[in-house]
Every structure is written in structure tokens, then in C-alpha cells.
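What follows is a short report on a single structure.
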Amino acid sequence: MASTVTSRRKQLGNELRHARTAARMTQQQVAEVLGCTQGKVNKIESGAVGVKLGDVRSMLNAFGINGEEADTLMNLARAAAGQRGHWSGYRSVVPHWFRTFTDLEPAAAEILTWHGERIPGPLQSEHYMLKQFTEAGATDVTSLVRNRLDRKAVFEQQQPPYYRFIISEGALRRAPGGYAPAVMLDQVEHLLSLERHPRVYVHVLPFGARLAAVPNDFTIMRFPDRTRDFVYIEHSAGGLYLDDVKDFNIFVDSWDRLRGAALERQETRQFLKELAEGYRSQMQQIQ
Numbered sequence: 001m002a003s004t005v006t007s008r009r010k011q012l013g014n015e016l017r018h019a020r021t022a023a024r025m026t027q028q029q030v031a032e033v034l035g036c037t038q039g040k041v042n043k044i045e046s047g048a049v050g051v052k053l054g055d056v057r058s059m060l061n062a063f064g065i066n067g068e069e070a071d072t073l074m075n076l077a078r079a080a081a082g083q084r085g086h087w088s089g090y091r092s093v094v095p096h097w098f099r100t101f102t103d104l105e106p107a108a109a110e111i112l113t114w115h116g117e118r119i120p121g122p123l124q125s126e127h128y129m130l131k132q133f134t135e136a137g138a139t140d141v142t143s144l145v146r147n148r149l150d151r152k153a154v155f156e157q158q159q160p161p162y163y164r165f166i167i168s169e170g171a172l173r174r175a176p177g178g179y180a181p182a183v184m185l186d187q188v189e190h191l192l193s194l195e196r197h198p199r200v201y202v203h204v205l206p207f208g209a210r211l212a213a214v215p216n217d218f219t220i221m222r223f224p225d226r227t228r229d230f231v232y233i234e235h236s237a238g239g240l241y242l243d244d245v246k247d248f249n250i251f252v253d254s255w256d257r258l259r260g261a262a263l264e265r266q267e268t269r270q271f272l273k274e275l276a277e278g279y280r281s282q283m284q285q286i287q
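Going by full-length UniProt numbering, the first residue of the sequence shown is number 1, and it counts up by one from there.
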């Protein structure tokens with residue numbers, strides 16, 4: 001059965017266990033650092049109990065973890081503890097099940113994502129975001145847009161992840177709320193502007209691609225440190241984090257098939273230019 005991480009606390013425990021193992025420490029040795037029992041450490045690693053931020057910091061120091069890796073794990077610990085601050089204010093509109101994803105996104109070495117019917121969040125233009133949230137009946141559109149814009153900061157990091165997107169042609173033709181050539185022209189032009197980010201790769205999967213079928217949307221995250229690689233799958237009721245090796249490899253194979261059928265970067269750019277011209281023509285006809 002798939003190993004499914006359904007809570008931030010379990011994800012944190014999983015990361016701490018991998019970090020302890022990499023540091024070649026036993027649970028008993030960690031218990032001595034924290035001044036607790038070995039059983040308590042076992043419960044922390046299984047996600048059965050919460051852990052104080054001070055204890056997480058002590059564990060990271062004992063494991064020799066510092067810098068960005070330590071910051072990422074401390075952010076995860078704050079999220080697992082349900083602390084205000086990091087997720088207060090306008091960030092509080094982010095669903096609980098998505099916060100682990102956004103905490104770990106900046107720390108990834110490589111992110112591979114496939115979207116069939118909508119533009120993925122980090123690639124959305126502001127016009128597209130506004131239309132999507134408004135059509136969904138959101139009550140705090142401003143906070144939702146600010147959060148989505150915050151995620152774009154991942155592209156501006158000193159060492160950003162290699163972010164590789166495959167987008168179905170359907171996502172480029174289906175506007176939020178229906179026919180809206182102005183929204184989609186803005187979106188396509190935004191995608192064309194992303195070439196200024198050397199680690200952002202966008203590939204279009206055209207309707208004519210030779211594939212037996214396409215899978216549901218998914219995102220693969222790979223990390224340069226001890227953080228466990230995982231696949232994220234979003235659905236109507238929340239999100240799933242899969243880190244079982246067999247399941248992970250199944251999605252890697254799916255990604256490879258999609259990538260093999262998708263357009264290359266220059267082909268994608270030409271496709272987007274022609275699509276933009278089509279939307280401009282539609283707008284002129286409306287006027």
C-alpha cells in the first residue's frame with residue numbers, strides 16, 4: 001500500500017528520522033539530547049505526538065544540520081505546531097494540506113509538474129489568478145492573489161530549483177469561467193516572458209501528442225539534502241504526499257512519457273506565439 005503523508009506533523013517526523021539516520025544516531029542518543037525517553041523520540045518520528053520548536057532545534061544541532069536545510073525544517077516544524085506568524089495574516093487563506101508543499105518548494109533541487117486543465121499556480125499571470133478566484137466565488141481574493149504571487153519568489157532565489165512544467169494544450173485554451181481571450185492572451189504572454197528565468201522550463205503537450213492516455217495532475221519534488229523525495233497529488237478534498245519508492249518511480253515513469261510526447265522549449269515558444277496571435281485576433285473580432 002502506498003505510503004501517504006497526510007499531515008505536516010507526520011512529514012516533520014519523517015524528515016527528522018531520515019536526518020537522524022544520516023547522522024548515524026540512535027533514538028536513545030537523541031532522547032539523551034532532549035532529556036526524554038526513547039519512546040518519546042519514536043513517537044515524534046512517527047508523527048504520533050508534536051514536538052517543541054526548541055527540541056527540533058536541538059535535534060538539528062545534534063545532527064549537524066544548519067543553513068537553508070535547517071530553516072526549511074524549522075518552517076515545517078512551525079507549520080506542524082500550528083503556530084501563528086508564518087501562516088497568519090493574508091497567508092492564513094492557504095489550506096492546511098497545502099502548507100507543507102509551499103514550505104518545501106523553495107528547498108527543492110528539482111520540481112517536475114504536470115497540469116492538464118489549468119495553468120499551475122507559479123506560472124499564472126495576475127489577470128488569470130483574479131479571474132480564477134473570482135469565478136470560484138472566493139471571499140478574500142486579495143489574500144489569495146498575494147499568496148500566489150509570493151510563490152513566484154522561488155524563481156528569484158539565489159539557487160532556485162530546476163522547475164520543469166508540462167502543460168496540456170487544454171489548459172491554454174480553457175479560461176477560468178469560460179471564453180475570455182483577453183485573460184488567456186495575458187496568460188500566454190506571461191508564459192513567454194518566463195524565459196528570463198534560466199531554471200524554468202515550460203513544455204506544452206499538444207492535443208496531437210501520441211499518448212494512450214494522460215494521468216491526473218501531479219508534482220514530483222526532489223531534494224538535495226536528507227529531505228525525502230515525494231509526489232504531491234491534489235484533489236477536491238485536499239492533497240496527498242506520496243513518498244513510497246515504488247509509487248514515486250511510477251510517477252517518474254509517467255513524467256518521462258509525458259515529457260517524451262511534449263514539445264521542446266523552442267517548439268513550445270513558437271506554439272505560444274501562434275496561440276497569442278490567435279487570441280489577439282479574437283479580441284479584435286469582439287471589438
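Idealized CB from N, CA, C, for every residue including glycine.
Residue i, buried or exposed, once every other Cβ within 10 Å from all chains shown has been counted against 16
i    : result
S236 : exposed
V245 : exposed
Q159 : exposed
A180 : buried
G64  : exposed
V49  : exposed
I286 : exposed
H203 : buried
A19  : buried
G13  : buried
Alpha-carbon to alpha-carbon, residue j and residue i
i           : j    : result
W255        : V33  : 42 Å
D217        : T21  : 33 Å
R84         : H115 : Here the model assigns R84 a pLDDT of 46, short of 50, so the residue's position is not dependable and the matter cannot be decided.
L211        : F165 : 18 Å
residue 289 : A171 : A query on residue 289 cannot be resolved here, the shown segment of the chain reaching from 1 to 287 and no further.
T134        : G239 : 22 Å
S53         : R99  : For the record, residue 53 in the displayed sequence is Leu; it is not Ser. When rounded, the distance between both Cα atoms is 17 Å.
A80         : Y163 : 26 Å
V56         : H190 : 41 Å
Q28         : E69  : 24 Å
A276        : L194 : 15 Å
V30         : N42  : 10 Å
R17         : T37  : 16 Å
R280        : R257 : 33 Å
I44         : E110 : 28 Å
L123        : A77  : 28 Å
R173        : T268 : 15 Å
L149        : T26  : 42 Å
G260        : Q266 : 15 Å
G67         : P161 : 17 Å
A62         : L205 : 47 Å
Neighbourhood of residue i by C-beta, 6 Å cutoff - its chain only, sequence neighbours within 5 removed
i           : result
D186        : S125, H127
K10         : G47
F207        : E169
residue 290 : The question about residue 290 has no answer here: the residues shown for the chain are numbered 1 through 287.
V262        : Here the sequence assigns Ala to residue 262, which means Val is not the residue at that position. Excluding positions up to five away in sequence, the list reads I166, H203, L205.
Element boundaries [alpha helix (DSSP H), containing residue i]
i    : result
E264 : Neither: E264 is in no alpha helix (DSSP H) and is coded neither H nor E.
V33  : 27-34
G170 : 169-173
T139 : No alpha helix (DSSP H) holds T139; DSSP gives it neither H nor E.
T100 : 96-104
I44  : 38-46
R9   : 8-22
V188 : 181-193
L211 : Unbroken run through L211: none, as it is neither H nor E.
Same chain, Cβ closer than 8 Å to residue i, five either side skipped, listed in chain order
i           : result
A153        : P106
F248        : I220, D229, F230, V231, L242
K131        : A175, P176, G177, A180, V183
K273        : L192
residue 310 : Residue 310 falls outside the range modelled here, since the chain spans only 1 to 287, and no answer is possible.
Any non-hydrogen atom of the ligand MN closer than 7 Å to residue i Cβ
i    : result
F248 : The ligand MN is absent from the structure shown, which contains no ligands of any kind.
Endpoints, beta strand (DSSP E) assigned at residue i
i    : result
I233 : 230-235
F63  : First-last for F63: 53-63, but that is the alpha helix (DSSP H), not the beta strand (DSSP E).
E110 : 110-115
V200 : 200-205
Y241 : 238-242
R222 : 218-222
Cβ-based neighbour list, residue i, same chain, cut-off 7 Å, excluding 5 preceding and 5 following
i    : result
A182 : M283
H197 : F155
Exercise. Are the region 213-231 and the region 104-120 in contact at 8 Å, needing three or more beta carbon pairs?
Worked result: yes
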